[in-house]
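Okay, so here's the structure we're looking at.
Number of protein chains: 2
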Amino acid sequence: MTKKDLFNNIKIKKSYLCVGLDSDIHKIPKHLLESKDPIFEFNKKVIDATSDFAIAYKPNLAFYEVMGSQGFKSLKKTIEYIPKNIFKIADAKRGDIGNTSSMYAKTFFETFNFDAVTLSPYMGYDSIKPYLQYKDKWVILLALTSNEGSNDFQKLEVGNNNLYEIIIKKSLEWSDENQMMYVVGANREKDFLKIRKLIPNHFLLIPGIGAQGGSLKNISNLGFSKECGLLINSSRNIIYADSSIDFQDKIALEAQNIQMKMKSLLEEQNLI
Amino acid sequence: MTKKDLFNNIKIKKSYLCVGLDSDIHKIPKHLLESKDPIFEFNKKVIDATSDFAIAYKPNLAFYEVMGSQGFKSLKKTIEYIPKNIFKIADAKRGDIGNTSSMYAKTFFETFNFDAVTLSPYMGYDSIKPYLQYKDKWVILLALTSNEGSNDFQKLEVGNNNLYEIIIKKSLEWSDENQMMYVVGANREKDFLKIRKLIPNHFLLIPGIGAQGGSLKNISNLGFSKECGLLINSSRNIIYADSSIDFQDKIALEAQNIQMKMKSLLEEQNLI
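Residue numbers (the working numbering), protein chains in the order written: chain H, 671 to 942; chain W, 671 to 942.
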């Protein structure tokens, strides 16, 4: 999916919502546990309930790996079930030497057919390069994350910059806005100006709305590019909105609620 | 497995060899492809051939994930097949927010029953903490890796230190030599003195012997602690030593060859 396709989908759905599929067997509605593949059944209902309002889905690999081979079966079925025009992000945060990165790239882009994968920058260019060789796929690099521990190293001062700024600058030598995005936490309002100066046109993947405390309105107005440029993720607030037999109604309502707010924000800024 | 157990195993086997199970369906001997689970059959032969000479095995997760759910089946069987007194490292290089890290910790320490997992430090303390809550398990933190890209960020100057030194120092606040190790590339000879000053007693996991060019002798003499303190990994040089029908004979020979050199080095330094 190209950057243009992504912006087109944003305009059509009037949404930049990414739904995080952090699907945990201990948190899904109990009545689903009777089915043969409860995680897939849950994801199917979540996707059915939210696909009108979401432009991306982001399964978090940890939640599938914890279930071993069955988890990978559920993941594969989930990816196949996601409608074709919706962007599929593997939230994997990998980062390894070249020949291993080639294997991970193959895993996410071929075995599972994701459109994008989140990666950690710590091991440098040759750990990212194998993913960039898939020209129709995306790398989403961790820049400034939403967790408390992000202050340990990401905000270190390196000369006149924070470490995460050095990483963004360096990575601009590797590829451009047509193949790279960055993860920036929704609670990082103060850093958005600096980030948008460095990368005015790149898409940003923003976790941390809701459960992690970020404000949709503030972060949108700080982060918008000319083509929206934001994928704002919500996981737990949407997918665990309800656990009754009709849980998907409440999930749909939650997703629609966010989408309506996004529509207003896009319209206010004349982006759609 | 405790640090003391690990050193005991080193003394018994006169070896600090870790065999990397980067088992690639396209590289294993062709005659194995006829079996139902070629990757497991290959690993079984590698383990049979090397378990007298190795004190640790390190499956690289990427090589199993690329095969989807079948890969995880092969991995699980492999872990179960490794003899009980041998240290099992998940080379996974994960790093994520707390609730996701809890899931990964559960994946590696419960679902797959590894003794240790390699982790990336970029997201800071709360991304590592959930693993440390398993008191009998180990975290192996990336410090200074062997790949070219490690120069992009790991060697950045932050005040008077390189970034990787800052990371080691900070991580000493999180846990100690009984639960943490560090990854240092075998080609980083010049950095070993600095590293051993910071962490004289921690175990180091050293990739980069062989295929990646590091010298066993130099790195051992630079890196030894009072209790050996080294797990030196070899993957491709051992496991792909031969592809004939009797490939395990050559694999055993390669592993024994390294073990004999290790024995001499341990004896020279009066460590055994």
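Think of the CB as a built atom: it goes at the ideal place given N, C-alpha and C, for glycine as much as any other residue.
Between the alpha carbons of residue i and residue j, how many angstroms are there, rounded?
i: Asn891/H; j: Leu935/H; result: 8 Å
i: Gly893/H; j: Gly794/H; result: 26 Å
i: Gln803/W; j: Phe873/H; result: 36 Å
i: Lys825/W; j: Val854/W; result: 12 Å
i: Asn783/W; j: Met671/W; result: 12 Å
i: His701/H; j: Ile915/H; result: 7 Å
i: Ile942/W; j: Asn679/W; result: 11 Å
i: Tyr774/W; j: Lys747/H; result: 21 Å
i: Lys840/W; j: Asp822/W; result: 20 Å
i: Ser705/H; j: Glu750/W; result: 29 Å
i: Lys805/W; j: Gln849/W; result: 7 Å
i: Ile836/W; j: Leu863/W; result: 15 Å
i: Pro800/W; j: Ser816/H; result: 17 Å
i: Gln918/W; j: Leu868/W; result: 40 Å
i: Asn832/W; j: Thr770/W; result: 29 Å
i: Ala911/W; j: Leu691/W; result: 13 Å
i: Ser885/H; j: Ile682/H; result: 24 Å
i: Ile838/H; j: Met851/W; result: 29 Å
i: Ser845/W; j: Glu843/H; result: 37 Å
i: Ile798/W; j: Gly819/H; result: 9 Å
i: Lys887/H; j: Asn830/H; result: 30 Å
i: Glu897/H; j: Asp707/H; result: 39 Å
i: Ile752/H; j: Lys697/H; result: 21 Å
For residue i, name the three-state secondary structure that DSSP assigns.
i: Glu924/W; result: helix
i: Val716/H; result: helix
i: Ile709/H; result: helix
i: Arg906/W; result: helix
i: Lys763/H; result: strand
i: Met850/H; result: strand
i: Gly893/W; result: helix
i: Leu842/H; result: coil
i: Tyr686/W; result: coil
i: Phe917/W; result: helix
i: Glu827/W; result: strand
i: Asn679/H; result: helix
i: Phe862/H; result: helix
i: Ile876/W; result: strand
i: Asn940/W; result: coil
i: Asn888/W; result: helix
i: Ile837/H; result: helix
i: Asn832/W; result: strand
Starting from the C-beta of residue i, find all residues in its chain whose C-beta is less than 6 Å away, skip the five residues before and the five after it, and write them out in chain order.
i: Val787/W; result: Ala760, Ala762 and Phe778
i: Ile909/H; result: Val716
i: Ser693/H; result: Ile709, Phe712, Asn713 and Phe733
i: Asp796/H; result: Gly768
i: Thr720/W; result: Val689 and Ala925
i: Ser913/H; result: Pro699
i: Lys933/H; result: Lys684
i: Gln939/H; result: Phe894
i: Ser790/W; result: Lys763, Gly765 and Leu812
i: Tyr834/W; result: Ala813, Leu814 and Gln824
i: Gly899/H; result: Phe873
i: Asn927/H; result: none
If you measure from the beta carbon of residue i to each beta carbon in chain B, is any gap under 8 Å?
i: Tyr751/H; result: The structure shown has no chain B; the protein chains it does contain are H and W.
Would you say residue i and residue j are within 8 Å of each other, going by their C-beta atoms?
i: Leu745/W; j: Pro729/W; result: yes
i: Ile879/W; j: Asn903/W; result: yes
i: Ala726/H; j: Ile756/H; result: yes
i: Ser895/H; j: Pro870/H; result: yes
i: Leu812/H; j: Tyr792/W; result: yes
i: Gln929/H; j: Lys758/H; result: no
i: Leu676/H; j: Ala724/H; result: no
i: Asp785/H; j: Lys754/H; result: no
i: Arg858/H; j: Leu814/H; result: yes
i: Ile889/W; j: Ala856/W; result: yes
i: Ser905/H; j: Lys743/W; result: no
i: Lys673/W; j: Glu847/W; result: yes
Is any non-hydrogen atom of the ligand SAH found closer than 7 Å to the C-beta of residue i, if you look at the structure I gave you?
i: Ile752/H; result: Looking for the ligand SAH in the displayed structure turns up nothing, as the structure carries no ligands at all.
What residues in its chain sit with their C-beta under 8 Å from that of residue i, if we drop five residues either side in the sequence?
i: Gly741/H; result: Ile709, Phe733, Tyr734 and Glu735
Could you name the residues of the same chain whose beta carbon sits closer than 7 Å to that of residue i, not counting the 5 residues immediately before and after it, in chain order?
i: Val828/W; result: Ile836
i: Leu731/W; result: Ala760, Asp761 and Ala762
i: Lys931/W; result: Leu886
Counting only runs of 4+ residues fully inside the region 729–808 of chain H, write out the alpha helix (DSSP H) ranges in chain order.
731–735, 738–751, 768–776 and 799–802
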